[in-house]
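Report on the structure given below.
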Amino acid sequence: MVSSRAIHDPVHKTILLTPLQKELVETPQVQRLRSIQQLGLVDIVYPGAKHSRFEHSLGTMHMASLIADALSLPQEDKVKVEVAGLLHDVGHSAYSHAVEDVLKRNPDIKPQYGGIIRENHEAFSEYVIRNCFANNGNIARKVEDELGQDPVDFFDQIALMATGKSSFLEKPYLGQLISGDIDADRIDFLLRDSYHTGISLGLIDVDQIIQNLSIRNGNIVLGRKEGCSYDEDMTLTVAESMLIARAHHYNAIVHHPHTQSARIMLLRALENALAIFGEKKDAESVNNQVGLFFTEYNDADLLYFIKTYGSNQAQQLISSVLAGNICDPIVRFNQKTLNPATRMALSTIARHGVAKKMFEEQLEKRIGDVFVDLSVASGVPRSTRVVVNGEDSFFYDESALANGLVRAISRQLSLVVFSPVDGVGCPESAQLKDVVGHTVDTLSPQLLRFIRQENYLPIEGLILLFYTVNSIFWKEEDGFISIPRLRNITWIYRMVQRFSEDVSLRNLFDYKFHRDYGFPYSNRVFEDIQLLVAMGIVDEDLRYYEKYNRFHQRYEYVLTMHGVKYGKQLSEAYGREFRELSKVLRQDKHSIPRDIVTIPARRYQQS
């Protein structure tokens, strides 16, 4: 196919557009991305970080093309992954993820498009891809003439690929190339963000990654069946480099205190403007307006909306952000400066938008004239598969480094108190930190109780499962404690699936499972187990065992003393569920795969 246009990209050099890609690039939906910064307000900290979602979309398309070539995909599939890469962010809101945070904190303003409530950029991207491009005459003709496909069907497939709904595709790997654990999107943004911020931590070798990808059983895996032991080692090294880059991305960029400060100032100003807009209009108008943030507005439009409807304080916040005069951090807590119970509580609250908003506002009210931001890492890779000894297995079961990196990402938590805009920043004082710490310790349990009144929390179901097993086998005598160590994570998956299908327990164990790997598996259960380990509720031990003349690693789990205390509180909060779990597990106690570990009580209590 003859290229009709060349684009010169600072990361990938020359990107050649096909006629279909050129038509798509010139649509208003893609052109809007030129005026949306990829990293929002990060340029306040890293001045070079002014690159746009448009650049990233072109880069994702190019990476998808390179991967398609490496996998020798048919031309038709290559065209699809390229288009999906180009369009995967067309539903992104102005100023990156700030608007999504507003929706999480204020669920009543989530807009409805196409008869479905949309609450994130993936949902809007799916809507835009399905409803905008097939109606464009030039694009529709090119799809029909060059690909011989119905435009509506074509863009329906693209929508699924671009938004990670791989299970709905006949060829799941096509979606995994765009939205998976190791995908074109992730590779490009790690490269591009590093280039524009000037941060070189966690460099990745694109060629090595691409050359190590293969397709097995309809899924993307790292490594090839015919590889030797050295090839297997290099496969693990390549995958580990991606995780290292991801971890550094959070530490250096997302959780930089000044990045958090600018983000919270924008968010508060936007919430204020939407509230005043709602008073002048009605709820439906607010919902429609929010939809425009994802489908029509760019960064400048969003700022104009705030300046038009925001109060004087909101307008001052925006003016200060644009002038680089952001709030100073005066107290900061991370996972190392919070006790495990508080850490676990904050991690749960941070993932519950309404409770997160209540926590931040209550803390602000109790401390005084400040802003508070609670932020946690997300997007932990959960299903990366690697080929080892001719068979594919979980990456984290083959690499202790990878498992540690997933835990490192999972434990990233940042709670920051900022001074007011017109205040004078001051160094972090021990007295103020003690006040904030005490307030956080008392406020967190209260908000967790509030969340439980509104929703069951599946991660607390997991803790309760660990606690119930612990209570069945727990013994204490002569200054020693004997506790169970679960030695088979697949048993945890099976039990959680069993409880998720039980009428009396399914709300507390609201997890979805699949059997793609020969046993019940849930991405979310894996992620939540990593969180429990990262937060200090559960300890994870590494054990090696021999099978087929090869040593494999296995992770085993034991509840910490902090986990015991946390679990006891949950057993009281979920009394009925705890009794039902105890009944089932005591009946099956002999089939629970465990070792009994005996240690001095004093040592365990200090863990």
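No gaps in the numbering here: position 89 of the sequence shown is 90 in my numbering, and each next residue is one more. We put the beta carbon where it would ideally sit given N, CA and C, even for glycine.
- Excluding its 5 nearest sequence neighbours in each direction, L543 has C-beta neighbours in its own chain below 7 Å: A401, Q554, Y556, listed in chain order.
- Y558 is not a Cβ neighbour of I538, given a cutoff of 8 Å.
- Beta-bridge partners assigned by DSSP to H553: Y546.
- For N335, the secondary structure class from DSSP, reduced to helix, strand or coil, is strand.
- For the options K569, L347, R486, V389, the alpha carbon positioned closest to that of Q413 is the one of L347.
- Annotation for R604: the continuous alpha helix (DSSP H) segment containing it runs 602–606.
- Under the DSSP assignment, N220 falls in the beta strand (DSSP E) whose first and last residues are 220–223.
- Counting of Cβ neighbours within 10 angstroms places N273 among the buried residues, the total reaching 16 or more.
- By the CB criterion at 8 Å, S415 and N340 fall outside the cutoff.
- One alpha carbon belongs to H13, the other to S36, and they sit about 21 Å apart.
- The beta strand (DSSP E) runs lying completely inside the stretch 343–375 and spanning 3 residues or more number zero.
- The DSSP assignment places complete alpha helix (DSSP H) segments of no fewer than 4 residues inside the stretch 101–180 at 122–133, 138–148, 152–163, 173–177, in order along the chain.
- If you draw a 10 Å sphere on the C-beta of I493, you find 16 or more other C-beta atoms in it, and that means buried.
- Judged by DSSP in its simplified three-state form, V91 adopts coil rather than helix or strand.
- The residue among Q158, T164, I179, I183 with its C-alpha nearest the C-alpha of E171 is Q158.
- Non-local beta-carbon contacts of L406 in its own chain, meaning distances under 6 Å to residues more than five positions away in sequence, involve L244, A248 in chain order.
- DSSP assignment within the stretch 260–300 yields the following whole alpha helix (DSSP H) runs of 4 residues or more, N-terminal first: 284–296.
- Residue pairing of S53 in beta bridges, as defined by DSSP: Q38.
- Contact check for V82 against A65 passes: the beta carbons are separated by less than 8 Å.
- Take L192, set aside five residues on each side of it, and the residues of its chain with a beta-carbon closer than 6 Å to its own are V12, in chain order.
- Segment contact: the stretch 86–104 against the stretch 290–298, three or more CB-CB distances shorter than 8 Å; contact assigned.
- Taking all protein chains shown into account, R344 has 16 or more neighbouring C-beta atoms within 10 Å of its C-beta and is therefore buried.
- Restricting attention to R486, A160, T338, the CA atom closest to the CA of V417 is found in T338.
- Going by DSSP, A7 is part of the beta strand (DSSP E) stretching over 6–10.
- Under the three-state reduction of DSSP output, H257 falls in the coil class, being neither helix nor strand.
- Of all alpha-carbon atoms in P601, E455, R383, V222, the one lying nearest the alpha-carbon of I211 is that of V222.
- Counting only residues of its own chain and dropping the five nearest sequence neighbours on each side, L214 has a CB closer than 7 Å to the CB of I68, A71, L72, I221, L223.
- Residue pairing of F419 in beta bridges, as defined by DSSP: P330, F372.
- By a beta-carbon distance limit of 8 Å, H57 contacts D189. Their separation comes to about 6 Å.
- Within the same chain, Cβ atoms closer than 6 Å to the Cβ of E101 are found at N121, the five residues on either side in sequence being excluded.
- Inter-residue distance for H197 and R54 is about 13 Å (C-alpha atoms, whole angstroms).
- Annotation: the continuous beta strand (DSSP E) that includes K476 extends over 476–478.
- Judged by beta-carbon spacing, G311 lies within the 8 Å limit of A270, meaning their Cβ atoms are closer than that value.
- If the five residues before and after L448 are omitted, its C-beta is found closer than 7 Å to the C-beta atoms of I350, A356, M359, F360, all from its own chain and listed in chain order.
- Secondary structure at D393: strand, using DSSP grouped into helix, strand and coil.
- G86 has its alpha-carbon roughly 8 Å from the corresponding atom of H63.
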